[in-house]
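Residue numbers (the numbering used here), protein chains in the order written: chain A, 81 to 269; chain B, 16 to 660.
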């Protein structure tokens with residue numbers, strides 16, 4: 081299949097051509113349809129983490145200043161992907177900073193924390209160190225929500241899903257929008 | 016969400032990505048940034064639709080578990096292409112699986128495998144499927160030809176080595192196998208797996224959906240057929256096998272509470288040269304109610320299980336009905352302590368159809384197991400936790416048996432955990448031990464012993480688990496198990512040779528080591544080696560006749576090793592290879608063997624995956640147990656199609 085380089089106005093025509101060829105669910109062995117069909121786990125998690133921010137309200141949001149910090153503990157791949165994703169962007173009108181941290185204390189000043197599944201510590205005692213802080217904690221472990229995180233990734237076959245704990249969000253004084261809850265695989269009160 | 020709606024979303028997705036790619040293609044953009052750019056444009060819903068590729072196992076946070084635990088993940092099961100629960104268990108380096116025929120397996124951990132010629136059947140493991148205990152109360156072993164699950168809906172299988180009675184339940188002498196299926200909210204939509212091969216054909220189908228705002232369910236059906244294998248002389252062993260199974264699972268969330276209801280029903284038919292076709296059928300239903308609070312959780316579980324087996328080569332037809340109820344609470348009385356305690360009661364009612372050569376006196380009866388347990392985990396220092404546990408178990412034959420458990424866990428660093436364990440467990444007597452009467456030509460050959468004592472193990476273990484680098488993790492444990500009152504064959508009376516009788520006159524110890532590692536060699540290639548070494552030093556106790564040597568405890572190899580390789584070749588191809596080596600069997604003797612299985616899968620589209628798989632590829636046929644008990648396990652290939660929109 082050959083596509084002539086489109087002029088800007090030809091975009092719509094190209095879209096129809098592409099749709100026609102890609103319409104057969106990827107059976108057609110053409111590069112544009114197959115390229116980037118699958119993504120690395122770290123990239124997808126980073127995309128989710130980035131997206132979650134749009135569905136959560138922090139206390140004193142409108143008056144907040146300074147950077148919007150996403151702390152990452154124990155997963156360099158996700159930290160890297162988050163950096164690439166948020167470079168030059170703003171979240172909630174604040175410049176985004178992705179920080180790799182090594183101690184839970186450093187997360188108290190952040191708005192979000194992602195705890196990588198590489199981390200071999202007692203998740204519950206780790207998250208206890210955040211008591212009182214308004215940090216959206218995202219984990220990737222079977223016992224994530226039980227240990228106190230508000231959002232936990234679930235991997236089912238080849239798809240990334242997540243579950244939400246409203247109790248944990250409430251404890252951190254975060255408001256979670258119903259849209260996030262409707263996409264979640266499971267919501268725990 | 017119907018298929019067409021999903022298809023439109025996907026078309027839109029691809030078109031959007033392509034368009035974006037083309038519009039920005041004039042600017043030089045690194046591959047990484049392009050991916051980020053694309054992903055950042057996707058909505059939350061679209062992100063859940065995307066296919067994620069990764070070869071690395073998502074390591075579990077296992078530090079809360081000071082024990083030798085191997086987790087067979089959903090990914091391991093999927094990529095290996097195994098078609099039955101028994102075959103899935105081969106993936107664990109801390110289990111020894113011996114395939115003796117098309118429908119016969121011997122499963123053991125840290126020794127005490129089967130030895131059919133002296134009536135020894137592997138009987139020291141506890142297997143649980145979603146909390147339901149599946150070992151047989153009649154002889155303590157697990158019928159792997161009757162236990163199965165829809166493999167594509169298994170979340171993980173935890174294989175725990177060592178005595179695990181305190182937390183897990185009765186019969187956890189040498190280990191526990193905990194099969195856990197996905198909750199139904201993770202198995203929505205249809206899923207089909209169809210396999211056709213030179214020796215076996217199977218199909219399994221599942222459909223899941225939500226029920227109202229707070230519930231989900233799934234129903235499934237599977238059918239399986241395996242051809243007979245061959246004897247050494249090339250003739251058929253006549254042991255073909257077929258099975259159908261179906262079931263459901265539903266989960267409901269009510270505030271902080273979760274209610275789970277599940278059940279299965281199955282019917283299988285095993286052929287054997289004598290006595291011909293035997294059926295193995297059963298049904299079960301289980302309910303579980305869990306309450307999760309901030310500092311505590313509570314669980315109540317009850318189940319009913321019905322097993323109906325026709326005559327088998329080594330047994331008599333029987334029916335066993337099981338009723339079980341157990342409650343468990345976990346609480347944190349202080350910031351440094353976590354207590355789990357619980358109680359349970361189980362009732363078995365069995366009825367055996369006595370035959371001329373195999374009788375049970377009495378042929379029917381009721382067995383009860385009551386248990387009370389408590390486990391306290393205390394943080395004695397910032398990185399040191401002591402766990403003290405005790406289970407008091409009461410069984411119908413020997414009354415109260417205490418089973419203590421002590422563990423010390425040291426979190427040496429963020430990525431390394433060391434542990435030391437001392438624990439004890441028993442195998443309670445069964446009707447086979449106490450009530451059996453075996454006759455040959457009308458003469459009583461072997462009798463049960465009504466005073467049979469429980470077999471006991473006291474196990475000691477030292478272990479370490481470490482994520483040495485983000486690319487390499489290792490788990491090693493060394494064990495020493497001391498056994499008492501192991502079952503032996505003795506003459507019943509001093510003057511005559513026959514009849515023989517069961518007694519508990521063997522003791523001794525086993526020791527060894529288990530280790531496994533995960534090595535991310537490349538981003539697209541992971542290697543997972545594992546091995547186990549075992550030495551047995553058993554002897555007869557005072558009064559033991561030594562009529563049959565200590566090998567009657569089981570025909571155990573001194574070690575086995577496996578190497579799994581998982582590769583992602585490009586974005587659509589997966590190649591998984593599994594190499595295993597099992598050391599020689601001592602008595603009856605069999606030489607060591609090495610075998611290989613491989614699977615190549617092609618992700619045709621988001622919904623379809625096609626694969627070809629070959630098992631036992633290195634030899635046209637091999638024995639895993641000497642003949643006549645074992646038959647030739649032949650090389651076979653199969654093709655599989657999986658559909659999950």
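Glycine included, C-beta positions come from ideal geometry on N, C-alpha and C.
- Distance from the CA of residue 629 (chain B) to the CA of residue 593 (chain B), rounded to the nearest whole angstrom, comes to 10 angstroms.
- Relative to the Cα of residue 382 (chain B), the nearest Cα in the group B:368, B:392 and B:336 belongs to B:336.
- Looking from the CA of residue 376 (chain B), the closest CA among B:299, B:464 and B:482 belongs to B:464.
- At least 8 angstroms separates the CB of residue 145 (chain A) from every CB of chain B.
- The closest CA to that of residue 500 (chain B), considering only B:488, B:553, B:485 and B:538, is found on B:553.
- Judged by pairs of C-beta atoms under 8 angstroms, the stretch 141-161 of chain A touches the stretch 175-182 of chain A, as three or more such pairs exist.
- For the stretch 217-234 of chain A, the set of residues with a beta-carbon nearer than 8 angstroms to any beta-carbon of chain B comprises 220, 221, 222, 223, 226 and 234, in chain order.
- A straight-line Cα-Cα distance of about 25 angstroms links residue 67 (chain B) and residue 176 (chain A).
- Secondary structure at residue 408 (chain B): strand, using DSSP grouped into helix, strand and coil.
- DSSP links residue 386 (chain B) through a beta bridge to B:359 and B:408.
- Take residue 540 (chain B), set aside five residues on each side of it, and the residues of its chain with a beta-carbon closer than 8 angstroms to its own are 70, 580, 581, 582 and 583, in chain order.
- Contact between residue 137 (chain B) and residue 129 (chain B) holds: CB atoms are separated by about 5 angstroms, below the 8 angstroms threshold.
- From the beta-carbon of residue 606 (chain B), no residue of chain A is found nearer than 7 angstroms; the closest lies around 40 angstroms away.
- In the three-state scheme derived from DSSP, where H, G and I count as helix and E and B as strand, residue 522 (chain B) is classed as strand.
- Residues of the stretch 267-296 of chain B whose Cβ lies closer than 8 angstroms to any Cβ of chain A, in chain order: 268, 270 and 271.
- At a C-beta separation below 8 angstroms, residue 128 (chain A) has these neighbours in chain B: 59 and 62.
- In this structure, residue 175 (chain B) places its C-beta atom within 8 angstroms of the C-beta atom of residue 191 (chain B).
- Secondary structure remark: continuous beta strand (DSSP E) runs of at least 3 residues inside the stretch 562-589 of chain B, in chain order: 574-584.
- Comparing alpha carbon positions, the residue from A:220, A:197, A:269 and A:228 closest to residue 210 (chain A) is A:228.
- In this model, residue 51 (chain B) and residue 62 (chain B) are separated by some 12 angstroms (Cα to Cα).
- Residue 111 (chain B) places its beta carbon less than 8 angstroms from that of residue 123 (chain B).
- DSSP links residue 165 (chain B) through a beta bridge to no other residue.
- Within chain B, 200 and 201 have C-beta atoms less than 7 angstroms from the C-beta of residue 265 (chain A), given in sequence order.
- Taking C-alpha positions only, residue 99 (chain B) is separated from residue 165 (chain B) by approximately 8 angstroms.
- Within a 10 Å sphere around the beta-carbon of residue 352 (chain B) sit fewer than 16 other beta-carbons, which makes this residue exposed.
- For residue 192 (chain A), the nearest beta carbon of chain B is not closer than 8 angstroms to its own beta carbon.
- Apart from sequence neighbours up to five positions away, the residues of its chain that approach residue 173 (chain B) with a beta-carbon distance below 6 angstroms are 84, 86 and 193, ordered along the chain.
- With respect to chain B, the C-beta atom of residue 123 (chain A) has a partner C-beta closer than 8 angstroms.
- Taking a beta-carbon distance threshold of 8 angstroms, residue 93 (chain B) counts as an interface residue toward chain A.
- Listed by position along chain B, the residues whose Cβ is nearer than 7 angstroms to that of residue 131 (chain A) are 59 and 62.
- Rounded to whole angstroms, the separation of the alpha carbons of residue 361 (chain B) and residue 317 (chain B) is 9 angstroms.
- The straight-line gap separating the alpha-carbon atoms of residue 105 (chain B) and residue 520 (chain B) is approximately 32 angstroms.
- Within chain B, no C-beta atom comes less than 9 angstroms from the C-beta of residue 171 (chain A); the nearest is roughly 11 angstroms away.
- Contact fails between the stretch 505-516 of chain B and the stretch 525-535 of chain B, because fewer than three Cβ pairs, one in each stretch, are under 8 angstroms apart.
- In this structure, the straight-line span from the alpha carbon of residue 371 (chain B) to that of residue 598 (chain B) is close to 39 angstroms.
- Residue 231 (chain A) and residue 243 (chain A) have their C-alpha atoms roughly 6 angstroms apart.
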